[in-house]
Each structure stands twice: as structure tokens, then as C-alpha cells.
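Engineer:
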Amino acid sequence: MNAGTALVDVCICAYRRRDGLRHCLLSLAAQVGAPAFRVIVADNHAEPMVAEWLAADRPDLPFDVRVLHAPASNISLARNACLEAAGADWIAFIDDDEVAAPDWLARLYGARLDAEVVFGPVRALYPADAPAWLRRGDFLSKRPAMRRGGYDTGHSANVLMRRAVLGSLRFDPALGHCGGEDTLFFARLHDAGARLALCEHAFVDEPNDPARCTFAALLRRSRASGQAHARVLQMRGQTAARIAIVAAAKCLLTGLWALVRLGSPAGWRRECLRASLHAGVVAQVFGRAAPRIYGSARP
Numbered sequence: 531m532n533a534g535t536a537l538v539d540v541c542i543c544a545y546r547r548r549d550g551l552r553h554c555l556l557s558l559a560a561q562v563g564a565p566a567f568r569v570i571v572a573d574n575h576a577e578p579m580v581a582e583w584l585a586a587d588r589p590d591l592p593f594d595v596r597v598l599h600a601p602a603s604n605i606s607l608a609r610n611a612c613l614e615a616a617g618a619d620w621i622a623f624i625d626d627d628e629v630a631a632p633d634w635l636a637r638l639y640g641a642r643l644d645a646e647v648v649f650g651p652v653r654a655l656y657p658a659d660a661p662a663w664l665r666r667g668d669f670l671s672k673r674p675a676m677r678r679g680g681y682d683t684g685h686s687a688n689v690l691m692r693r694a695v696l697g698s699l700r701f702d703p704a705l706g707h708c709g710g711e712d713t714l715f716f717a718r719l720h721d722a723g724a725r726l727a728l729c730e731h732a733f734v735d736e737p738n739d740p741a742r743c744t745f746a747a748l749l750r751r752s753r754a755s756g757q758a759h760a761r762v763l764q765m766r767g768q769t770a771a772r773i774a775i776v777a778a779a780k781c782l783l784t785g786l787w788a789l790v791r792l793g794s795p796a797g798w799r800r801e802c803l804r805a806s807l808h809a810g811v812v813a814q815v816f817g818r819a820a821p822r823i824y825g826s827a828r829p
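Sequential numbering of the sequence shown, starting at 531, is according to the numbering used here.
1) Where do the N-terminal and C-terminal ends of the beta strand (DSSP E) with Leu-690 fall, by residue?
2) Have a look at the DSSP bridge pairing and note the partners of Pro-737.
3) If you reduce the DSSP assignment to three classes, tell me which class Pro-829 lands in.
4) Which residue spans inside the stretch 540-608 form an unbroken beta strand (DSSP E) run of at least 3?
5) Taking 7 Å as the limit between beta carbons, can you name the residues of its chain near Val-587, skipping five residues before and five after?
6) Since Val-562 and Val-629 are thought to touch, with beta carbons under 8 Å apart, how far apart are those beta carbons, to the nearest angstrom?
7) Give me the residue from Pro-578, Leu-558, Leu-537, Phe-567 with the minimum Cα distance to Arg-546.
8) Report the rounded CA-to-CA distance for Asp-594 versus Tyr-639, giving the unit in angstroms.
9) Please tell me whether, using a cut-off of 6 Å, the distance from the CB of Ala-586 to the nearest non-hydrogen atom of the ligand MN is below it.
10) To which residues of the same chain is Arg-718 closer than 8 Å at the C-beta, ignoring the five residues directly before and after it?
11) Checking 7 Å against the spacing of the C-beta atoms, do Ala-645 and Ser-671 come in under that value?
12) Let me check understanding here. Comparing Cα to Cα, which of Leu-537, Val-580, Val-538 lies closest to Gly-550?
13) Give me the Cβ distance between Ile-605 and Cys-543, rounded to the nearest whole Å; I'm assuming they're in contact under 8 Å.
14) To the nearest angstrom, report how far apart Phe-745 and Leu-803 are at their CA atoms.
15) Which residue marks the beginning of the alpha helix (DSSP H) containing Ile-823, and which one marks its end?
16) Within the continuous beta strand (DSSP E) that includes Leu-696, where are the two ends?
17) Exposed or buried, what is Pro-740 when buried is set at 16 or more other beta-carbons lying within 10 Å of its beta-carbon?
18) What distance in whole Å lies between the Cβ atoms of Glu-711 and Asp-721, which are believed to be in contact at a cut-off of 8 Å?
19) When you compare only the Cα positions, how much space is there between Asp-625 and Ala-641?
20) Roughly how many angstroms lie between the CA atoms of Ser-794 and Arg-800, to the nearest whole one?
21) From Ala-732 to Ala-687, what distance separates their C-alpha atoms?
22) Hey, quick one: how far does the alpha helix (DSSP H) through Phe-716 stretch, first residue to last?
23) Between the C-alpha atoms of Val-762 and Leu-714, what's the straight-line distance to the nearest angstrom?
24) Since I believe Cys-781 is in contact with Val-815 (beta carbons under 8 Å), could you give me their beta-carbon distance rounded to a whole number of angstroms?
25) How about Ile-570 and Arg-596: do their beta carbons lie closer than 7 Å?
26) Considering only residues of the same chain and omitting the five flanking positions on each side of Leu-789, which have a CB-CB separation below 8 Å?
27) Going by beta-carbon coordinates alone, are Val-652 and Leu-690 separated by less than 7 Å?
28) Expressed to the nearest angstrom, what Euclidean distance is found between the alpha-carbon atoms of Asp-619 and Leu-696?
29) Output the distance between the C-alpha atoms of Leu-783 and Arg-751, rounded to the nearest integer angstrom.
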């Protein structure tokens, strides 16, 4: 299937996860009721290797797969390469370690009349030895946050968007190692007039290895999320003083609330993660470098 006949280009940025990519592609091969689609894979390794990975898998894939080399271990560059290569009216993104439910694309595409950007939830799958508090709190599942009755940003782990509304907007390469590039991208789309929505039942599942399941790893990611949120606030014109004062107050309050909830293993950790997020907002305002998340051995 070529770009002229595909209704959706499904984009995947591949880095290090050979087995994850295979499982992701096989889940796309099992889609039911989906619109016509092709797949674009951005190979984000310094030296190309994805085409070799896929050589044995292509006979099992009932769709065209185009592989691009987008080096530098920079997720923004990989996402931008996908956007440049896309030719269908709609563009979907799914991560290379995710498995799509059989009706994933059909549900996203069915919700397109409600918005120019449609997000779906990411359900975390935990290793067998994951701590009980992590499972109980379900800390690694993802969905966009609703604010004032709507969505004003979101994630690229599970999304469908109309190509016509993107214009020249691209993911910021300066954020390609620390993350938050998708938060800023979708905030800019929203502020330019695009409607953002959530399709509750367009699920993808994301297996998580033990390195992601530590409290220290969660704290690092929460801080990075706070820095991403601060960039959006700055982009929307809030002053540094206002951002820092509000975030510092929230950090203090959530830290105190963590003490109150010490009897709940999931509860006190959730409050600590919120405090870490607010601390990340303050760190961003004062120019602290965001932790490197993508293209690093650290989770």
C-alpha cells in the first residue's frame, strides 16, 4: 500500500528494542476493522539496523513498511523524520515497546470526527516481581490530563492526528534526549486551534522492565514531567515568578501530605512523585538541565 491509498500512516520510532518492535508490528498486523494504513519506522540508531531486524518479519506483515534512518538517538529527530515522510491524511504514533489492542486503530480513527488530535490510554504491564505498591498505584500507565473540562496537551505514545493541522510544526530537537517534546508539541497544536480529545477504549499495552519500576526511576521521570509542564507554562506567557511560587507551594503541600499518608505504601509515594513534579517545574524556571531519559542507559 502506498501513501496515496493509505488513510493513516502509523509511525514508530525504533531504538534498541528489537523484540519490542517485532511485537508492536505483529499487533498492527492483527488489527480488525482498521482503515487502510501503512507503517513508517524511524531507525534512531547511529548506524542503521532496523531494516536488518525486519528482514525476517516482513512476510508476516500485511502492510507496507517504510524504514527511515534518523540517527543521533534523538527522539524528536526520529518523530520529525516520520512527519516529513508521512503522506496520508492522518498520522498515528505508537511506541516501539507497545502492543496495540486489535481494535486500536479502528477506535482512534472512528473518533476522528470529534477532534484533529485523538489520544488513547497506555496501559502499563508490570514484571512479575514488581512491588505491590507499584501495581496498586498503577504509576506507569499514561493518559493525557484533563484541565477545565478539556485537553490542552498530551503524549505521543498513542495518538492519531490530522496531518493538515500540523503545518510546519515539528518536535523540538533540543528536547530529544530529556523528553517533554511531545508535551510542548501538542500544547502548541492546541494553542493554534486544534481540538484535542481522548478515545477511552483505544488501548495500547506497554511492558515495563524492572529498571523502570524503581521509585528512583519514577522520581526522575516525574521531575522531567514537571520541567516539560513548566516549558508549556512559559510558552503560554506565565511569568517565571508566578510559575516558581505556585510550584514551590504545591511542592511543599504535597511533601507534607506524603507524611500524612505514610500508612499507605502507594499513597505516600504518589504524593512524593507529585512533589517531584512540582520541584521539576521550579528547576526548569531556574534553568536547571533536565535529566537525560532518551538515548541513555538510565531508565
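The beta carbon of each residue, even a glycine, is placed where N, CA and C say it ideally should be. Predicted, not measured: the structure shown is a model, and the values here were computed from it.
Structural biologist: In this structure, then:
1) Segment 688-692, the beta strand (DSSP E) holding Leu-690.
2) Leu-655
3) Residue placement at Pro-829 is flagged as unreliable, the pLDDT there being 43, under the threshold of 50; the coordinate-derived value follows with that caveat. Residue state, collapsed to three classes: coil.
4) 567-573, 595-599
5) Reading the sequence as shown, one finds Asp at residue 587 and not Val. Answer for Asp-587: Arg-552, Leu-555, listed in chain order.
6) Not confirmed; about 14 Å, so no contact.
7) Pro-578
8) 19 Å
9) With respect to small molecules bound, the structure shown includes none, and the ligand MN cannot be examined in it.
10) A distance below 8 Å between beta-carbons, with the five flanking residues on each side excluded, links Arg-718 to the following residues of its chain, in chain order: Leu-699, Met-765.
11) no
12) Val-580
13) Rounded, the Cβ-Cβ distance is 6 Å, consistent with contact.
14) Taking the straight line from one Cα to the other gives about 9 Å.
15) That residue, Ile-823, is in no alpha helix (DSSP H); it is neither H nor E in DSSP.
16) Here Leu-696 belongs to no beta strand (DSSP E), and DSSP marks it neither H nor E.
17) Its Cβ having fewer than 16 others within 10 Å, Pro-740 is exposed.
18) Wrong, their Cβ atoms sit about 16 Å apart, outside the cutoff.
19) 20 Å
20) If you draw a straight line from the Cα of Ser-794 to the Cα of Arg-800, it comes to about 10 Å.
21) 12 Å
22) 711-721 is the span of the alpha helix (DSSP H), which, as asked, contains Phe-716.
23) 6 Å
24) Val-815 to Cys-781, Cβ: 12 Å. No contact.
25) yes
26) Only Trp-798 meet the Cβ criterion.
27) No, these two residues do not count as a Cβ contact at 7 Å.
28) 11 Å
29) 20 Å
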